[in-house]
Each structure stands twice: as C-alpha cells, then as structure tokens.
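These notes are about the structure you will find just below.
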Amino acid sequence: MYISPIENHRQREEGVLVYPVYSRRSQGLSMGINLFPDHKYCSFDCPYCEVFPFEQDPSFSVALMETQLQSELSRARNQGIMVKDICFSGNGEPSLAPGFLEALDRAAQIRDAAVPDAALVLITNGTGLFNDKTFQSLRQAASGPMALRIWLKLDAGTEAWYRIMARSSIPFEPLIHTIKELVACAPVTLQTMLCAVQGESPPLQEAAAWERLVVELAAIGAAAACSAGEQAPGLQEIQLYGKARPAPTDPLARALAPAYLEERAASLKTALERSGLPLGRNAIPIRVFP
Ligand code: SF4
C-alpha cells in the first residue's frame, strides 16, 4: 500500500506541499497539492472539515511544489502505480492562495510531461471566483486544453443551511450567483456533503431547495453555448458524499445513514429526468460516497 488516507491526512498537516493519497472519488492514487503547508486558510469553517489546527514552518512556493511533485510522481512510477489525478486541495481554499494560478499552470505542465493521462482537479468552495482574474483563469483552464476538472462545493440550497454548513461571512446569494455564472461557461462537477449538524439532518425544505438549485444549474449548463474547440460547459457530475473522516469539531457533525444519501441521489435523478432538459444532458452522473 502506497499510503493510507489517514496517514495522508496527518502528513498534510506536517508541512508537505505534495501528498499522495488513495482517493475514493478518483478510485486510485491522487497527488494532492497543498497550498497551505504552514496553517489552515479558508473562507469557510465547515463543521465537518478534516483539517486539524496546526502550525508549521515551510510556506508554499511554486518551486518547492514542483520539486515535491516531480519526486512523488517518480516514486509512484518506480513502484508501478498509476496516478489518477493531481488535485489542488489541502489545508484550505486553494483559489484564495496568492500563488494558486501560477501553481496550477506549473502542475499542468508537469502533468502533461510526466503523467499525461492523469486528470488535473481543483477542489474548491467557489469563493475565489469573486476575483475576476481567478474566475476567467479557471474558466479557461476547465474549458481549454488543460482540461481542469473543477469540483465545486454546493452544500446547501437555502441560506439557513448554508450558514450551518459553511459558517462563513461570505453571503449565500452572491456566491450562488457566481456559481451559476461559472456553470454557464465552464464544465463543473458539484460536490455536496450530506451530514447532520448538532444532531439535525438537512431539513426537508433545504433538501427540496438544494434539488431545485441543482436542476436549475443543470438547465443553465444545458442551455449554454459551447465555443469551437472548448469543453462543453455545464454540470459534468454530481457527487454526494458523507462524513467519513474525523474532524476537529467532532461530534458537531455526524455521518448520516448511507440510505439517506442514496434517497437524495434517487430523488435528484428523478427531478433531473422530469426537468425537460435537452436530450442527453439530463443524464448527468450522480455518484454517492457514504
Ligand atoms: S471549504 Fe474545505 S477546507 Fe474550507 S472549511 Fe470547508 S471543508 Fe475545510
């Protein structure tokens, strides 16, 4: 075994910039890139967040990332392990890091040279999209030859549940507006965490509002024009996942029964099928990771 998820989680807090991990979503080895090796930095404070408080010396630099990424890719190759993706994630919100766009470009170049079949993934809560340069760069990265896969957090369909799940000062409506703008011009995968907070599951009204919002996003993507030579915009996949790892705020958030996640997925599938989206675009894959 190359490395276990929990070992990776701890390693991530010990100042590494690049950390190999078995990813249940990629179903293989993922090279995580951590833009915050010295401390957590995020615009959200999710009750299920796995990042434990820590402080370390090494700060992020693109040069150090390149060295560590090359080294980890060589190690995987020498052990005959296929790298499924290179993934910007780590101890916070990658799109808010000052060196993020440069790091993304360099990681793409290294991917192309060393592991051209590997995907390049960004896991984001979307708050960096308020910066126009970041928005345009990500749109281009996802739509063009870099084929960046944007995995975008959408944990709530109502402001009330958003406040519980994100615990952020960032207002809900402008964030949703920006997410709609992105879906209209770039391919996006949605990620939704379904968990209980302080013993409360997502209320029925929240579940219904989230479902309506996802259907609306699917419709926005389906109606969007695609420029020649670019990846089609819109929703590529919807991932529902449950709380599977320890968090520093445990037991604030708790895992829900896998059957609940499956029910939400089935309900969304039905809603998408009934939405009347253009043929072929209503079959957006929905994947559940309890
Ligand atoms: S967005 Fe991610 S890194 Fe930020 S608090 Fe939430 S789970 Fe943690």
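Taking the numbering used here, the leading residue of the sequence shown gets 321, the next gets one more, and so forth.
Ideal placement from N, C-alpha and C gives every residue a C-beta, glycine not left out.
Computed from a predicted structure; not experimentally measured.
Original post:
Do the segment 495-502 and the segment 570-583 make contact, defined as three or more Cβ pairs closer than 8 Å?
Top reply: no
Subject >> Completely contained alpha helix (DSSP H) runs for the segment 481-551, where each covers 4 or more residues >> reply: 492-503, 524-543
**OP:** Return yes when at least one heavy atom of the ligand SF4 lies under 8 Å from the C-beta of S363, else no.
**Re:** Yes, the beta carbon of S363 sits closer than 8 Å to at least one heavy atom of the ligand SF4.
Subject >> Backbone CA spacing between T512 and L533 [nearest angstrom] >> reply: 12 Å
**OP:** Kindly list the residues whose CB is nearer than 7 Å to the CB of C369, restricted to its own chain and excluding five residues on each side of it in sequence; keep chain order.
**Re:** A567.
Original post:
On the three-state DSSP scale, how would you describe E422?
Top reply: E422 carries a helical assignment under DSSP once its states are collapsed to helix, strand and coil.
Subject >> S587, DSSP secondary structure in three states >> reply: helix
Original post:
For F611, which of S343, V336, R483 has the nearest alpha-carbon?
Top reply: A query on residue 611 cannot be resolved here, the shown segment of the chain reaching from 321 to 610 and no further.
Original post:
Would you call the CB atoms of E413 and S363 closer than 9 Å?
Top reply: yes
Subject >> Rounded separation between P571 and V441 - CA only >> reply: 30 Å
Subject >> Residue range of the unbroken alpha helix (DSSP H) whose run includes A573 >> reply: That residue, A573, is in no alpha helix (DSSP H); its beta strand (DSSP E) goes 573-575.
Subject >> Residues sharing a beta bridge with F609, DSSP >> reply: Looking at the DSSP assignment, F609 forms a beta bridge with Y561.
**OP:** Flag this pair as touching only if the segment 343-360 and the segment 376-392 have three or more C-beta atom pairs under 8 Å; answer yes or no.
**Re:** yes
**OP:** Using the Cα positions of Q376 and G335, report the straight-line distance between them to the nearest angstrom.
**Re:** 6 Å
**OP:** Go through its chain and collect everything with a Cβ distance to I326's Cβ below 6 Å, but skip five positions before and after it.
**Re:** Note that I326 has pLDDT 38, beneath the 50 cutoff, so the model's placement of it is unreliable and no number is given.
Original post:
Secondary structure at G554, three-state DSSP: helix, strand or coil?
Top reply: strand
Original post:
From which residue to which residue does the beta strand (DSSP E) around L440 run?
Top reply: 439-444
**OP:** Could you check how far apart the C-beta atoms of E531 and A591 are, in whole angstroms? I think they sit under 8 Å.
**Re:** 5 Å
**OP:** Classify R459 as buried or exposed, calling it buried when 16 or more other Cβ atoms lie within 10 Å of its own Cβ.
**Re:** buried
**OP:** For the alpha helix (DSSP H) holding N354, just list the boundary residues, first then last.
**Re:** Careful: N354 lies outside any alpha helix (DSSP H), inside the beta strand (DSSP E) at 348-354.
Original post:
Does the separation of the CB atoms of R431 and I401 fall below 9 Å?
Top reply: no
**OP:** Return the Cβ separation of L502 and T454 in integer angstroms, given the expectation that the two are a contact with Cβ distance under 8 Å.
**Re:** About 11 Å separates the two Cβ atoms, so there is no contact after all.
Subject >> heavy atom of the ligand SF4 below 8 Å from N411 C-beta >> reply: yes
Original post:
Can you pull the DSSP bridge partners for L472?
Top reply: Per DSSP, the beta bridge partners of L472 are T444, L510.
Original post:
Cβ of A575 versus every heavy atom of the ligand SF4: is any distance shorter than 8 Å?
Top reply: Outside the cutoff, so no.
Subject >> N445 Cβ short of 8 Å to the ligand SF4 heavy atom set >> reply: yes
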